Amino acid sequence: MSSTISAPTSSQEPGGAPSGFEADRTSDSLGASARAYVDRVRGGDLGALPAILGIVVLGLLFFALRPETFLTPRNMANLADQAAPIIILAMGLVFILLLGEIDLSAGVVSGVCAAVMAKLLADAGAPWYVAVLAAIVTGVAIGLFTGSLVGMIGIPSFVVTLALFLGWQGFTLRLIGEGGTVPVRDPVISAISDRNLPVTLGWILALLVIALYAALQLNRWRTQRTKGLAHQPLAVVLVRIAVIAAIVLLVTAVLSVDRAPAVGVVLAGIPYAVPLVILLLLLLTFVLGRTSFGRHVYAVGGNAEAARRAGINVTKIRVAVFVIGSTLAAISGIVAAARLGSVAPGSGGGNTLLYAVGAAVIGGTSLFGGRGRVRDAVLGGLVVAIIANGLGLLGTEAYLNFIITGGVLLLAASVDALARRRAAATGH
Amino acid sequence: MSAPTDRPEDGTPTLELRGVNKSFGAIQVLHDVHLKVYPGQVTALVGDNGAGKSTLIKSIAGIHPIDSGDVLFEGRPVTVTGPRDAAALGIEIVYQDLALCDNLDVVQNMFLGRERKTGVVLDEISMEQAARDTLSKLSVRTLKSVRQLVSSLSGGQRQTVAIAKAVLWESKLVVLDEPTAALGVAQTRQVLDLVRRLADTGHAVVFISHNMVDVFEVSDRVAALYLGRMAADIPISQVNRGEVIELITAGRSGNLGIAPAEAAAVEV
Chain V
22 MSSTISAPTS SQEPGGAPSG FEADRTSDSL GASARAYVDR VRGGDLGALP AILGIVVLGL
82 LFFALRPETF LTPRNMANLA DQAAPIIILA MGLVFILLLG EIDLSAGVVS GVCAAVMAKL
142 LADAGAPWYV AVLAAIVTGV AIGLFTGSLV GMIGIPSFVV TLALFLGWQG FTLRLIGEGG
202 TVPVRDPVIS AISDRNLPVT LGWILALLVI ALYAALQLNR WRTQRTKGLA HQPLAVVLVR
262 IAVIAAIVLL VTAVLSVDRA PAVGVVLAGI PYAVPLVILL LLLLTFVLGR TSFGRHVYAV
322 GGNAEAARRA GINVTKIRVA VFVIGSTLAA ISGIVAAARL GSVAPGSGGG NTLLYAVGAA
382 VIGGTSLFGG RGRVRDAVLG GLVVAIIANG LGLLGTEAYL NFIITGGVLL LAASVDALAR
442 RRAAATGH
Chain U
79 MSAPTDRPED GTPTLELRGV NKSFGAIQVL HDVHLKVYPG QVTALVGDNG AGKSTLIKSI
139 AGIHPIDSGD VLFEGRPVTV TGPRDAAALG IEIVYQDLAL CDNLDVVQNM FLGRERKTGV
199 VLDEISMEQA ARDTLSKLSV RTLKSVRQLV SSLSGGQRQT VAIAKAVLWE SKLVVLDEPT
259 AALGVAQTRQ VLDLVRRLAD TGHAVVFISH NMVDVFEVSD RVAALYLGRM AADIPISQVN
319 RGEVIELITA GRSGNLGIAP AEAAAVEV
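Protein chains in written order, with this note's numbering: chain V, 22 to 449; chain U, 79 to 346.
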């Protein structure tokens, strides 16, 4: 248990003394906040630190090894396209991991949904929105099925999704046929990864995102301050806004440079996959952080018995996270199909799931449940994509790619387990 | 903080049990139990292991509905068939294992399952203010922040949060299952102060404890269970520590407790 013994003096104060909560009323300086952050990290609450370090270190490493190709605007746009399906799949897994469950079938579910979409487009000649809708409905249905087996029947999610990992692969194989591939040539769907936002629109959106973020942060700070609630120092809020603004502007600037390989053609702008990821990030962050559903997901992940006694329908939450996971898997499958231009029987197999789980865990989502955020998927997904992208540029052999990516996941899981032990020991 | 008072048995008890029986299969756990719990008073519920304390509070909570007997809440006969009935009446139970989520903060835990919302968005401001008000009303001064994660709290602070959570819901009867077990000296002090304050703010409190020092410090009444029978339910001023221990271990003390013949029959 915690080793801190609260000072007994405070409860012995003569009447009339104000109540405690001194930390809520003091507005510390920037330095004090920085020290508090260092304390938190030392206490095992690493937050986004490993992922940010990973992005910086790997970025520098690959820049040093391939200075002429890695940090080019062209490769950065490619990196964004590469990261998008991993990030979206990982976003769904964050919800499932928050309950301490796992979905080993998420990758192949993305394959099944992409196959449904591709077949409808290619064979039935359906319009893109029908095909996309069908893929997403397929994802929802699969999530309901998985969630019911886990939540209502009570089979461990590990076993359910391991069985479905095999089962759904058979389904994709049946849909597409042995050795075949179904092309995805619909212009709207291909645009997700092939087309870019017009440069001006990209800048407008970037500024809009920054303004919105700043307004929300400052407004919250002001409300908390005026109502006398717990709040961070203004300096911390401003630094956070500045960092986010710098990142958004830098990314927009890099992606707005003409990256066409030939002279005379212009290829510039943010790939459509990026605003899609940002939209999902905002939506899902809202759901997890600002709604009672999100609160209940954390509660069930932290202590299912406490949640049950608080009147939360634990079974419903379990089923719901699997539905969310599979729905995002469907979207991830669509984005991946758009990027590759086809769906094959092996789509979503191989290392797809490993990448996504790795992304969530590297980003800071715990495998033990109760701790994680949607942004973890984005940060971790970038780390994983940088590894895949950089190794591709280095031209390493396939066997090495497997070993390195597996090693990175093990490393992330070790950090998670150690941080958890550390947190338990220091009471954070 | 007022000292435990010796009030006469005046007014209507918040909770009154009359002739309550409860069996699990062939085993009768509660025999004809009578109990009165008054508002503004702490009633200590004592008894040896297996005497039926847990069964009794679970019956009050609606987890184990009673087989026969009457339950009166504020003088009205009621039937409690589930935890929701109990909560609707204003009965809150703080179990020994507390049932808090370590990964949520104090406010989030206090409002868990009953979050305040504006539309679909959680109303954090109103929840934080209400949580702070409740904690202040109970004179809880040991928390650094109401936005602290529960995992960072000490055992006494967790108990405090669990009790404050029960109070938040305009509860009339709060049942505390061994709130001071496993706590250190300073933390026990905090929790006992809080138990007393609960009663002083008008709640009817049932306080389960094995520690006679704690019982005599905060209680107004003592109810002793002996092998499923209520040996005594009396103002604490009428007994001393030795007599309570006799009631717990033998079912009777002097002219208090179960009649000798009955006590003998029970022991067989």
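A virtual CB, placed ideally from N, CA and C, is assigned to each residue, including glycine. In this text, all values refer to a predicted model and were calculated from it rather than measured experimentally.
Legend entry - Sequence-distant residues of the same chain with beta carbon closer than 7 Å to L170 (chain V), five excluded per side: I176, V181
Inset, instruction - Work out the CA separation of A274 (chain V) and C179 (chain U) for me, nearest whole Å. - result: For C179 (chain U) and A274 (chain V), the distance between alpha carbons rounds to 44 Å.
Inset, instruction - Confirm, please, whether the CB-CB distance from N99 (chain U) to L113 (chain U) is below 8 Å. - result: no
Inset, instruction - My understanding is that V172 (chain U) touches V300 (chain U), with C-beta atoms under 8 Å, so please give their C-beta distance in whole angstroms. - result: About 19 Å separates the two Cβ atoms, so there is no contact after all.
Legend entry - Integer-rounded CB distance, given that G234 (chain U) should sit under 8 Å from L254 (chain U): Going by Cβ atoms, the distance from L254 (chain U) to G234 (chain U) rounds to 13 Å, so no, they are not a contact pair.
Legend entry - Rounded straight-line distance, which links the Cα of Y319 (chain V) to that of F423 (chain V): 33 Å
Legend entry - I76 (chain V) versus T426 (chain V) - alpha carbon distance: 15 Å
Legend entry - Residue(s) in a DSSP beta bridge with V436 (chain V): According to DSSP, which records beta bridges pairwise, V436 (chain V) is partnered with nothing at all.
Inset, instruction - Determine the closest residue to V133 (chain V) out of V:F84, V:K337, V:G198, V:A85, with distance taken between C-alpha atoms. - result: V:G198
Inset, instruction - Within 10 angstroms of the Cβ of L74 (chain V), are there 16 or more other Cβ atoms? Answer buried if so, exposed if not. - result: exposed
Inset, instruction - Tell me, to the nearest whole angstrom, how far the beta carbon of S347 (chain V) is from that of T167 (chain V); I am working on the premise that it is less than 8 Å. - result: 7 Å
Inset, instruction - Pick out whichever of V:G370, V:F116, V:L303 has its Cα sitting closest to the Cα of L185 (chain V). - result: If we check each option's Cα against that of L185 (chain V), V:G370 comes out closest.
Legend entry - Proximity below 8 Å, CB of I352 (chain V) to CB of I117 (chain V): no
Legend entry - Cutoff 8 Å: R330 (chain V) Cβ touching any chain U Cβ: yes
Inset, instruction - Please report how far the alpha carbon of P35 (chain V) lies from the alpha carbon of L272 (chain U), in whole angstroms. - result: Interpretation of P35 (chain V) is limited by its pLDDT of 37, a score under 50 that renders its predicted location unreliable; the figure taken from the coordinates is listed afterwards. Their Cα atoms are separated by approximately 15 Å.
Inset, instruction - Report yes if the CB atom of G290 (chain V) is closer than 8 Å to the CB atom of G384 (chain V), and no otherwise. - result: no
Legend entry - A122 (chain U) and L305 (chain U) closer than 8 Å at C-beta: In this structure, A122 (chain U) sits away from L305 (chain U), with a CB-CB distance that is not shorter than 8 Å.
Inset, instruction - Check the Cβ-Cβ distances between G191 (chain U) and every residue of chain V, and say whether any is below 8 Å. - result: At least one beta carbon of chain V lies nearer than 8 Å to the beta carbon of G191 (chain U).
Inset, instruction - Kindly list, in the order they appear in chain U, the residues whose Cβ is closer than 9 Å to that of A55 (chain V). - result: Within 9 Å Cβ-Cβ: nothing; A55 (chain V) doesn't reach chain U, min ~18 Å.
Legend entry - Contact set for A256 (chain V): own chain, Cβ-Cβ below 7 Å, skip 5 residues either direction: L51
Legend entry - Reference L276 (chain U), options U:S146, U:G125, U:V218, U:G147, closest by Cα: Closest by alpha carbon: U:V218.
Legend entry - Span separating the alpha-carbon of V269 (chain V) from that of A227 (chain V): Roughly 6 Å between the two C-alpha positions.
Legend entry - Runs of alpha helix (DSSP H) lying entirely within the stretch 262-301 of chain V, each at least 4 residues, in chain order: none
Legend entry - Alpha carbon of V378 (chain V) to alpha carbon of L134 (chain U), nearest angstrom: 48 Å
Inset, instruction - Could you tell me the distance, in whole angstroms, from the CA atom of G118 (chain U) to the CA atom of Q226 (chain U)? - result: 31 Å
Inset, instruction - Determine the direct distance from the alpha carbon of N324 (chain V) to that of E206 (chain U), and round the result to whole angstroms. - result: 22 Å
Legend entry - Counted within 10 angstroms of its Cβ, other Cβ atoms place N333 (chain U) as buried (16 or more) or exposed: It counts as exposed.
Legend entry - chain V contact residues for L178 (chain U), given Cβ-Cβ distances below 9 Å: G323, N324, A327
Legend entry - Identity of the residue in V:V205, V:D397, V:Q103 nearest L305 (chain V) by Cα: Considering only alpha carbons, the answer is V:D397.
Legend entry - Cutoff 6 Å; reference T327 (chain U); Cβ partners in own chain excluding five residues on either side: Here T327 (chain U) has no same chain residue with a Cβ atom under 6 Å from its own Cβ, once five neighbours each way along the sequence are excluded.
Inset, instruction - Please say whether G322 (chain V) and L119 (chain V) have beta carbons closer to each other than 8 Å? - result: The answer is yes: Cβ separation under 8 Å.
Inset, instruction - Please name the residues in the stretch 309-338 of chain U whose beta-carbon is closer than 7 Å to at least one beta-carbon of chain V, in chain order. - result: From the stretch 309-338 of chain U, no residue has a Cβ closer than 7 Å to chain V.
Legend entry - Residue-level contact to chain U via CB, R63 (chain V), 8 Å cutoff: False, the Cβ-Cβ gap to chain U never drops below 8 Å.
Legend entry - Beta-bridge partners of T196 (chain U), as assigned by DSSP: Paired residues: U:V199.
Legend entry - For L86 (chain V), the nearest candidate out of V:G121, V:V278, V:L415, V:A263 (CA to CA): V:L415
Inset, instruction - Rounded to whole angstroms, what's the CA-CA distance from K195 (chain U) to R311 (chain V)? Just pull it up for me. - result: 9 Å
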